[in-house]
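Below is one structure, written out as structure tokens, with a few remarks after it.
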Amino acid sequence: MAGCVFCGIVAGEVPAFRVADVPEGVAFLDTRPVFKGHVLVVPRTHLVTLADLPPGSLGDYFGLVQRLAVAVESGLGAGGTFVAMNNKVSQSVPHLHTHVVPRTKGDGLRGFFWPRTRYADDAEARSYADRIAAALG
Numbered sequence: 001m002a003g004c005v006f007c008g009i010v011a012g013e014v015p016a017f018r019v020a021d022v023p024e025g026v027a028f029l030d031t032r033p034v035f036k037g038h039v040l041v042v043p044r045t046h047l048v049t050l051a052d053l054p055p056g057s058l059g060d061y062f063g064l065v066q067r068l069a070v071a072v073e074s075g076l077g078a079g080g081t082f083v084a085m086n087n088k089v090s091q092s093v094p095h096l097h098t099h100v101v102p103r104t105k106g107d108g109l110r111g112f113f114w115p116r117t118r119y120a121d122d123a124e125a126r127s128y129a130d131r132i133a134a135a136l137g
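Numbering follows UniProt numbering, in which position 12 of the sequence shown is assigned residue number 12; successive positions increment by one, without gaps.
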């Protein structure tokens, strides 16, 4: 898609420090890493959110993400990884991408990046759960 920086990286028109370039997607270093070695994994086609990823591509795409999580950990000697994806809110580039961030014990990253809230009571929580379950089918 014209103007999409990630599509430009996939096409080789925008420089990036590529980690993988395979049929399932492209992985490259984030230019503003949480920690050094922070990788972004993108599908080759321009998709905006996880909902746009065709069901037949889920296994291939997340297989690549899984392989990258293992590679980041073993390749960097990290204690583990943080794997995350934003959909619309806080999605700085509107092209589906998954963050694979190396983690080490005591690295200072704690909890979530957004504020927390509470349900008024169990009935309110159940109503949210029921609405989501109904939408799921």
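Even glycine gets a Cβ: it sits at the ideal position worked out from N, Cα and C.
Being a predicted model, the structure only gives us computed values, none of them experimental.
Using the DSSP secondary-structure output, state which residues sit across from residue 153 in a beta bridge. Outside the displayed range of the chain (1 to 137) lies residue 153, so it cannot be described from this structure.
Report the three-state DSSP secondary structure of G25 (helix, strand or coil). strand
Among residues of its own chain, excluding the 5 on either side of R44, which ones have a beta-carbon nearer than 7 Å to its beta-carbon? V10, G25 and V26
Does the Cβ-Cβ distance between V14 and V22 come in under 7 Å? no
Would you check if there are 3 or more beta carbon pairs closer than 8 Å linking the region 43-62 to the region 95-104? yes
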